[in-house]
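Participant: Let me give you the structure first, and then I'll get to my questions.
Residue numbers (the working numbering): 19 to 455.
As C-alpha cells, then:
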C-alpha cells in the first residue's frame with residue numbers, strides 16, 4: 019500500500035478517522051433509537067454509492083490491463099523456457115491454495131453469522147437492487163457444464179458491456195499468454211500500451227481512493243445505525259479469522275512448499291527471509307520491499323541471480339497470494355454478515371476471480387478494493403459492506419503484504435531448483451569466419 023498523504027497525514031490515518039467517525043455516529047443513533055432526517059440519510063447513502071460506482075467504473079479496464087500485462091511479464095517463453103512456465107503455474111497453484119485456506123476458515127468459523135436476519139434483510143434490500151444493476155448475479159448451480167462454458171466469452175465486448183467479470187478475466191489471461199507466445203516488436207508495443215492503460219487506471223484509482231475517508235464514514239454510519247454493537251463483534255471475529263488463515267498459509271503451506279518442491283530446509287529459508295519479512299510488514303508495500311528481497315535471495319538463500327530477479331520482479335505485482343486470500347475471506351464474511359447463502363458454485367466463482375485478480379492487483383492504497391466490490395455484487399451482497407472492513411484494513415494490509423513478499427521468495431526458491439545462472443544469450447548471430455588471405 020502506498021503511504022499517500024493528505025495534509026502531511028497518511029491516508030490510512032484519515033481512513034481510520036472516517037471509520038471511527040461513521041461508527042461512532044451510527045452507534046449513537048442506534049443505541050438512542052434516533053431517526054435521521056430522511057434527506058440527510060439519502061445524502062449519506064449517496065456519498066457511499068458514488069464512491070462504489072466510481073470503483074465499478076474503473077475496475078474492468080484495470081483488471082484487464084493488470085492481468086494481461088502481469089502474464090505477459092512472465093517473459094518470453096521461447097527464451098526463458100521452463101522458468102516462465104514454472105513461475106506462472108506456481109503462481110496460480112499457490113494462489114489457489116491460499117484462497118482455499120481462506121474459504122475453509124470462513125466456512126468453518128462463520129465469523130459473519132449471528133446477525134439479526136431482519137436487519138440484514140433490510141440493508142440487503144436497500145443495496146441489492148443497485149448492486150445487481152451494476153454487475154449481474156452469479157449462477158446458482160452448474161448444469162451440464164454450463165458454468166465452465168460461460169467462462170469462455172463468445173463475444174468479449176458483449177461480456178464487458180454486461181459486466182461479466184469472470185469471462186473478461188479469462189480472456190485477459192488468454193490474451194496475456196498470447197502476447198508471450200507471439201513475442202515481437204509489435205507485441206512489445208502492445209504491451210507498452212496496456213501498461214500505459216494500467217498506469218492510467220492506477221492513477222484514477224488513486225484519485226478515487228482519496229475519497230475513501232468520507233465514503234467510509236458514510237458507509238459505516240449506515241451500517242452502524244442498523245446493526246449497532248453486533249458490528250464490532252463481527253468485525254473482531256472477521257479479523258481473527260483472516261489473520262488465522264494468513265498464519266496457516268505462512269507457517270504451514272509455505273514451509274511445505276519450500277521443503278518439498280524447493281529442496282531447502284524451511285528453517286534455513288526462514289532465517290534468510292527475516293529482513294524482507296520485517297520490511298514488508300512495516301511498510302505494507304511489495305514494491306518498497308523488492309530491493310531487500312532481491313538482496314536476501316542472492317546473498318542469504320544463494321539463489322541464481324537471473325532466476326531470483328525475474329521471479330521476484332514479476333511476483334511484486336503478479337504473485338499476490340495474501341491479497342487473493344484476503345479477498346476470498348472478506349467476500350464470504352460479508353455474505354455471512356448479510357445472510358446471503360453462497361452455493362458451492364458461487365464460492366468457486368469467488369475463488370477463481372480472487373486467483374485471477376491476485377495476478378494483477380493494483381499497487382495503490384486499498385488496491386484490492388475494486389475486486390472485492392465487484393465480487394460482492396456478483397454474488398448478490400451489498401457492496402456497502404466494504405466500509406465494514408476498511409477500518410481494520412491497515413493492519414491486515416501489513417500482514418497480507420508480508421505474505422505476498424514471502425510468497426515471492428518461496429516462488430523464487432521453488433523455480434530456482436535445478437536452475438543456474440548459466441544461460442545462452444539469445445538471438446546472437448553465428449560467428450563468421452574471417453576471409454581467407
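For every residue, glycine included, the Cβ atom is placed at its ideal position computed from N, Cα and C.
Tell me whether residue 28 sits in a helix, a strand or coil according to DSSP, three-state version.
Facilitator: Translated into positions along the chain shown, residue 28 becomes position 10. Note: residue 28 maps to strand in three-state DSSP.
Participant: Kindly indicate the opening and closing residues of the alpha helix (DSSP H) around residue 52.
Facilitator: Sequence index remark: in the chain shown, residue 52 carries index 34 (1-based). Taken as a continuous stretch (DSSP letters only), residue 52 belongs to no alpha helix (DSSP H), as it is neither H nor E.
Participant: Nearest by alpha-carbon distance to residue 341: which of 331, 260, 57, 202 is it?
Facilitator: As a working mapping, residue 341 is identified with position 323 in the chain shown. That would be 260, whose Cα lies nearest to the Cα of residue 341.
Participant: Compute the beta-carbon to beta-carbon distance between residue 350 and residue 73, rounded to the nearest angstrom, for a pair I have assumed lies under 8 Å.
Facilitator: Translated into the one-based positions of the chain shown, residue 350 becomes position 332. Translated into the one-based positions of the chain shown, residue 73 becomes position 55. That belief does not hold up - the Cβ atoms of residue 350 and residue 73 are roughly 20 Å apart, past 8 Å.
Participant: Which residue marks the beginning of the alpha helix (DSSP H) containing residue 411, and which one marks its end?
Facilitator: For the purposes of this step, residue 411 is taken as the residue at position 393 of the chain shown. Note, residue 411: alpha helix (DSSP H), 411-434.
Participant: For residue 236, does the three-state DSSP call read helix, strand or coil?
Facilitator: Counted from its first residue, the chain shown places residue 236 at position 218. Residue 236: helix per DSSP, three-state reduction.
Participant: CB residue 388 to CB residue 76, shorter than 8 Å?
Facilitator: Locating residue 388 in the chain shown gives position 370, counting from the first residue. Locating residue 76 in the chain shown gives position 58, counting from the first residue. Yes, Cβ-Cβ distance for residue 388 and residue 76 is below 8 Å.
Participant: Would you decide whether residue 156 is buried or exposed? Buried here means 16 or more other CB atoms lie within 10 Å of its CB.
Facilitator: Position 138 of the chain shown holds residue 156. Any reading at residue 156 needs caution, since the residue's pLDDT is 43, under 50, leaving its predicted position unreliable; the model's value is listed next. Counting C-beta atoms within 10 angstroms of its own C-beta, residue 156 has 16 or more neighbours from the protein chains shown and is therefore classed as buried.
Participant: Could you tell me which uninterrupted beta strand (DSSP E) segments, each at least 3 residues in length, are contained entirely in the stretch 256-306, listed from first to last along the chain?
Facilitator: Counting only runs of 3 or more, we get nothing.
Participant: Where does residue 356 fall in DSSP's three states?
Facilitator: As a working note, residue 356 is residue 338 in the chain shown. It is coil, neither helix nor strand.
Participant: Got a sec? Which residues, its chain only, sit under 8 Å from residue 430 by beta carbon, not counting five neighbours each side?
Facilitator: As a position in the chain shown, residue 430 is number 412, starting the count at 1. Excluding sequence neighbours, residue 430 sits near 315, 319, 321, 325, 326, 329, 330, 333.
Participant: Please look up how many angstroms separate the CB atoms of residue 83 and residue 212, rounded, as I've assumed it's under 8 Å.
Facilitator: Along the chain shown, one-based indexing puts residue 83 at 65. Along the chain shown, one-based indexing puts residue 212 at 194. Right, their Cβ atoms sit about 5 Å apart.
Participant: Below 8 Å CB to CB, which residues in the same chain sit around residue 150 once its five sequence neighbours on both sides are set aside?
Facilitator: Start at 1 with the first residue of the chain shown, and residue 150 comes out as number 132. In this predicted model, residue 150 has a pLDDT of only 40, less than 50, meaning its place in the structure is not dependable; the value taken from the coordinates is given anyway. Non-local C-beta neighbours of residue 150 in its own chain, meaning closer than 8 Å and more than five positions away in sequence, comprise 395, 398, ordered along the chain.
Participant: Please classify residue 180: does DSSP put it in a helix, a strand, or coil?
Facilitator: Here residue 180 corresponds to residue number 162 of the chain shown, with the count starting at 1. The answer is coil: DSSP assigns residue 180 none of H, G, I, E or B.
Participant: So residue 209 is in the alpha helix (DSSP H); what residue range does that whole segment cover?
Facilitator: Within the chain shown, numbered from 1, the residue matching residue 209 stands at position 191. Segment 203-227, the alpha helix (DSSP H) holding residue 209.
Participant: Among 201, 216, 427, whose alpha-carbon lies nearest the alpha-carbon of residue 293?
Facilitator: What you label residue 293 is simply residue 275 of the chain shown in a count that begins at 1. Answer by Cα proximity: 427.
Participant: My output table needs one value for residue 128: the three-state DSSP class, helix, strand or coil.
Facilitator: Sequence index remark: in the chain shown, residue 128 carries index 110 (1-based). Secondary structure at residue 128: coil, using DSSP grouped into helix, strand and coil.
Participant: Whose C-beta lies closer than 6 Å to the C-beta of residue 372 among residues of the same chain, with five residues either side of it excluded?
Facilitator: Translated into positions along the chain shown, residue 372 becomes position 354. Result list for residue 372: 117, 342, 345, 346, in chain order.
Participant: Within 8 Å, do at least three Cβ pairs link the stretch 400-408 to the stretch 229-244?
Facilitator: yes
Participant: Compare the Cα-Cα distances from residue 129 to each of 435, 407, 432 and report the closest residue.
Facilitator: Translated into the one-based positions of the chain shown, residue 129 becomes position 111. Measuring from the Cα of residue 129, the nearest candidate turns out to be 407.
Participant: Which word fits residue 61, buried or exposed, when buried means at least 16 other C-beta atoms lie within 10 angstroms of its C-beta?
Facilitator: Locating residue 61 in the chain shown gives position 43, where the first residue counts as 1. By the neighbour-count rule (16 or more Cβ atoms within 10 Å), residue 61 is not buried but exposed.
Participant: Residue 391 lies in the alpha helix (DSSP H); which residues open and close that run?
Facilitator: As a working mapping, residue 391 is identified with position 373 in the chain shown. Here the alpha helix (DSSP H) through residue 391 covers 387-396.
Participant: Between residue 264 and residue 421, how many whole angstroms is the CB-CB distance? I'm expecting something under 8 Å.
Facilitator: The residue you call residue 264 lines up with position 246 of the chain shown. The residue you call residue 421 lines up with position 403 of the chain shown. 5 Å between Cβ atoms; contact.
Participant: What separation, rounded to the nearest whole angstrom, lies between the Cα atoms of residue 110 and residue 225?
Facilitator: Here residue 110 refers to the residue found at position 92 of the chain shown. Here residue 225 refers to the residue found at position 207 of the chain shown. If I take the Cα positions, the gap works out to 30 Å.
Participant: Can you grab the Cα-Cα spacing for the pair residue 302 / residue 433, in whole Å?
Facilitator: On the chain shown, position 284 is the one that residue 302 refers to. On the chain shown, position 415 is the one that residue 433 refers to. One Cα belongs to residue 302, the other to residue 433, and the distance between them is close to 25 Å.
Participant: Starting from the C-beta of residue 69, find all residues in its chain whose C-beta is less than 6 Å away, skip the five residues before and the five after it, and write them out in chain order.
Facilitator: The residue you call residue 69 lines up with position 51 of the chain shown. Once the five neighbours on either side are set aside, the close Cβ partners of residue 69 are 229, 233.
Participant: Just confirm the distance between the C-beta atoms of residue 414 and residue 257, as a whole number of angstroms; I'd bet it's less than 8 Å.
Facilitator: Mapped onto the chain shown, residue 414 falls at position 396. Mapped onto the chain shown, residue 257 falls at position 239. At roughly 7 Å, the Cβ-Cβ gap stays under 8 Å, so residue 414 and residue 257 are in contact.
Participant: Look up residue 83 in the DSSP assignment and say whether it is helix, strand or coil.
Facilitator: Position 65 of the chain shown holds residue 83. The answer is helix: DSSP assigns residue 83 an H, G or I state.
Participant: Under 6 Å Cβ to Cβ from residue 416, same chain only, skipping five residues before and after it: list those, please.
Facilitator: Counting from one through the chain shown, the residue named residue 416 turns up at place 398. Closer than 6 Å at Cβ, skipping near neighbours: 299, 302.
Participant: Just curious, the alpha helix (DSSP H) that residue 407 is in, first and last residue?
Facilitator: The count along the chain shown starts at 1 and reaches residue 407 at position 389. Looking at the DSSP string, the run of the alpha helix (DSSP H) that includes residue 407 is 404-408.
Participant: Under 8 Å by Cβ, that's how I've got residue 307 and residue 297 pegged, so tell me the actual separation to the nearest angstrom.
Facilitator: The count along the chain shown starts at 1 and reaches residue 307 at position 289. The count along the chain shown starts at 1 and reaches residue 297 at position 279. Their Cβ separation, rounded to whole angstroms, is 5 Å, which keeps residue 307 and residue 297 in contact under 8 Å.
Participant: Going straight from the alpha carbon of residue 85 to that of residue 250, what length do you get?
Facilitator: Position 67 of the chain shown, counting from 1, holds the residue named residue 85. Position 232 of the chain shown, counting from 1, holds the residue named residue 250. Residue 85 and residue 250 have their C-alpha atoms roughly 35 Å apart.
Participant: Take residue 108 and list the residues in its own chain whose beta-carbon comes closer than 7 Å to its own, dropping the five residues that flank it on each side.
Facilitator: Within the chain shown, the letter at position 90 stands for residue 108. Cβ within range, chain order: 429, 432, 433.
Participant: Is residue 342 helix, strand or coil when you go by DSSP?
Facilitator: Here residue 342 refers to the residue found at position 324 when the chain shown is read from its first residue. Residue 342: helix per DSSP, three-state reduction.
Participant: Quick one, which of 419, 365, 235 has its alpha-carbon nearest residue 33's?
Facilitator: Residue numbering aside, residue 33 sits at position 15 when the chain shown is read from its first letter. Answer by Cα proximity: 235.
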